[in-house]
Each structure stands twice: as structure tokens, then as C-alpha cells.
Amino acid sequence: MAHRWKRTSTSPRGDFRIFRVREDFYTHPDKDGERSFFVIEAHDWVNIVAVTAEDQVIFIRQHRPGIGEVRLEIPGGIIEPGEDPEVAAMRELREETGYSGDAPELLCSTEPNPATHNNRCFSYLVRNATLSHATDMDHDEVIQVEPHPFAGVVDLIQSGELSHALLQLPLMHYLRMREIGTEPKP
């Protein structure tokens, strides 16, 4: 029965630089009248699990305005309009960390919050990451690059040091690959 919702109209409600908001109106045969839902239209995102030949995972530390604090994260960012996710992954890795590596391999593709957002998040694995460029951060980014031993990744998650769910998930996929032997150790 859930599949019987029908969108009847949509109205833009605001443009806020990094996202837009629209109001969608729906009907359902089991509900009286029209219902409205707000949708955040955001660019798709990309995250990168970059691993060096020495088995270091490349992390970054940056300020997150939503919570007003600095957080440990894996590199990532917005996919530009018309840009392939794989290209965006390598661009974001290079811009934020100065690292590059092997061709990116998709770890997972998720819907960050389908209740309110219309975008996707693509997470990639980049093997043999090496420091190869100067960083080229966006005008409002201040990022500290922090390689961490792979052996400590679980501790970073369990301790709460790495608390962002959309960044934990690709790391968990990579941990699982290593655990079951589908990912060779560097």
C-alpha cells in the first residue's frame, strides 16, 4: 500500500547555495486530502577510503559548522554537476589531502537521508595512495591531513573519534573486505 503515494505538484521554497528546498504535494487513497513534504535538493556526495602501501588510511580533520566542532573524517565532498563520481573521488582526494592513487573502486552507494534529501553518497576505495600534489582546498576549508594505521580504524570508530555515519559505513565495508579476505593487505 505504501507505493500508492502520488505526487501532484511541487513548489520551490528556497535556494541556499549548497542546497535548495522544495515542497512536494502528495495524495494517497487511504488518506484524506493532500499532504505536503519538504525535500532538500542537494548535490550527490563522494567519500574516499584511501590506503597507502604502508597500510595507512588517510584521514582529515576539519571544522563542521553544523555541529560547530572539528571532526576526524575520510576525504570527500560534493560531486560537481556533470562530473562522474569516480572523477570527483580522485579530485576531492587530491584537493583535500594532496594524495592520489590507483583507480577508485566503488565500496558502496547510499541514500544519506531519503526522508528529506534527494541525493546519493558514493564511497570509493583508492589503493596505493601516495602524497603527490600540494593541497588545493576550497576557499572556506582548513584541513589537517592525518594518516592512521589501518590496525587502529576499529578503535577510531568504537571510541567515537570517527562519529559520522556516512563515513563509518565505507570504512566498515573495507574492514569487512579485509576480514573475509577479498581485499589483499598492502
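Sequential numbering from 1126 applies to the sequence shown in the numbering used here.
Don't be surprised by glycine CBs; every beta carbon is placed ideally from N, CA and C.
8 Å contact criterion, which residue i and residue j should meet: CB distance rounded
| i | j | result |
| --- | --- | --- |
| H1242 | I1143 | The pair is not a contact, with the Cβ atoms about 12 Å apart (cut-off 8 Å). |
| S1257 | G1202 | Not a contact, Cβ separation roughly 18 Å. |
| L1281 | V1174 | About 13 Å separates the two Cβ atoms, so there is no contact after all. |
Residue i - DSSP class collapsed to helix/strand/coil
| i | result |
| --- | --- |
| R1294 | Looking at the sequence provided, one finds Leu at residue 1294 rather than Arg. It is helical. |
| A1259 | coil |
| A1178 | coil |
| H1128 | helix |
| E1166 | strand |
Enclosing alpha helix (DSSP H) for residue i [first to last residue]
| i | result |
| --- | --- |
| D1280 | 1278-1283 |
| E1220 | 1210-1222 |
For residue i: DSSP bridge partner residues
| i | result |
| --- | --- |
| D1140 | R1145 |
| R1196 | Q1187 |
| G1201 | N1172 |
Unbroken beta strand (DSSP E) run spanning residue i, endpoints
| i | result |
| --- | --- |
| G1231 | Before going further, note that residue 1231 is Leu rather than Gly in the sequence given. It spans 1230-1235 - the beta strand (DSSP E) in which L1231 sits, taken as one unbroken run. |
| E1188 | For the sequence presented, residue 1188 should be read as His rather than Glu. Its beta strand (DSSP E) spans residues 1181-1189. |
| F1275 | Counting along the chain, F1275 falls outside any beta strand (DSSP E), and DSSP gives it neither H nor E. |
Close beta carbons around residue i, own chain, < 8 Å, minus the five adjacent residues each side
| i | result |
| --- | --- |
| S1134 | D1149, F1150 |
Contacting residues, own chain, Cβ-Cβ under 6 Å from residue i (five flanking each side not counted)
| i | result |
| --- | --- |
| S1248 | N1172, L1232, C1233, P1295 |
Sequence-distant residues of its chain with Cβ nearer than 7 Å to residue i (five each side left out)
| i | result |
| --- | --- |
| E1230 | Y1249, L1250 |
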